[in-house]
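Participant: One structure follows; several queries about it will come next.
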Amino acid sequence: MLNKKQLKYFKNLLNEKLEDLLKEVDRTVSGMSDLNENMPDPTDRATLESDRNFTLRIRDRERKLIGKIKDALDRIENGTYGICESCEEDISDERLKARPVTTLCIACKKKQEDEEKIKGI
Ligand SMILES: [Zn+2]
Numbered sequence: 363m364l365n366k367k368q369l370k371y372f373k374n375l376l377n378e379k380l381e382d383l384l385k386e387v388d389r390t391v392s393g394m395s396d397l398n399e400n401m402p403d404p405t406d407r408a409t410l411e412s413d414r415n416f417t418l419r420i421r422d423r424e425r426k427l428i429g430k431i432k433d434a435l436d437r438i439e440n441g442t443y444g445i446c447e448s449c450e451e452d453i454s455d456e457r458l459k460a461r462p463v464t465t466l467c468i469a470c471k472k473k474q475e476d477e478e479k480i481k482g483i
């Protein structure tokens, strides 16, 4: 189990990541409104369109990550943070530091990835 000091460390880490992401989203949104400016050349429009799709994909990923970070913060609050949701063993400190939003220990994660590979996802 993680002690209070460790929990505080991960809470800060997650809050920092969340703040960074929210700032990033703000920037993306204001960048997108620039795209609505006059752009008469169709080639430029096409480029802008693919930029826009790219931006939307990034935003989608950001949104998902924001959700994951919020879930992780909830788990810190209710005392389930750092526990694998599959086998209920503790997730190693190193793994949490590398991927603080994770809900699976390394063994379960590997199992999940292997299963996905077999299913061809
Ligand atoms: Zn596990």
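Sequence positions in the sequence shown follow our numbering and run 363 to 483.
Even glycine gets a Cβ: it sits at the ideal position worked out from N, Cα and C.
Quantities reported herein were computed from a predicted structural model and do not represent experimental measurements.
Buried or exposed for threonine 465, please, with buried defined as at least 16 other CB atoms from any protein chain shown within 10 angstroms of its CB.
Facilitator: Here the question's residue 465 lines up with position 103 in the sequence shown. Threonine 465 comes out buried.
Participant: Would alanine 434 pass as a contact of valine 387 if the rule is Cβ separation under 7 Å?
Facilitator: Sequence index remark: in the sequence shown, residue 434 carries index 72 (1-based). Sequence index remark: in the sequence shown, residue 387 carries index 25 (1-based). No. Outside cutoff.
Participant: At the level of alpha carbons, what is the spacing between serine 454 and arginine 461?
Facilitator: By one-based count along the sequence shown, residue 454 stands at place 92. By one-based count along the sequence shown, residue 461 stands at place 99. Looking at the two C-alpha atoms, the distance is approximately 11 Å.
Participant: What's the C-alpha gap between leucine 384 and glutamate 456?
Facilitator: Taking the sequence shown and counting its residues from 1, one reaches residue 384 at position 22. Taking the sequence shown and counting its residues from 1, one reaches residue 456 at position 94. Between the C-alpha atoms of leucine 384 and glutamate 456 there is a straight-line separation of about 26 Å.
Participant: Below 8 Å, can you find three or more Cβ-Cβ pairs linking the region 428-446 to the region 372-379?
Facilitator: Because the criterion of three Cβ pairs below 8 Å is met, the region 428-446 and the region 372-379 touch.
Participant: Look at the Cβ atom of leucine 325, then the Cβ atom of isoleucine 431, and state whether they are nearer than 7 Å.
Facilitator: Nothing about residue 325 can be read from this structure; the chain reaches only from 363 to 483.
Participant: Run through DSSP, which three-state label would isoleucine 453 get?
Facilitator: In the sequence shown, residue 453 corresponds to position 91, counting from 1. Of the three classes helix, strand and coil, the one that applies to isoleucine 453 here is coil, per DSSP.
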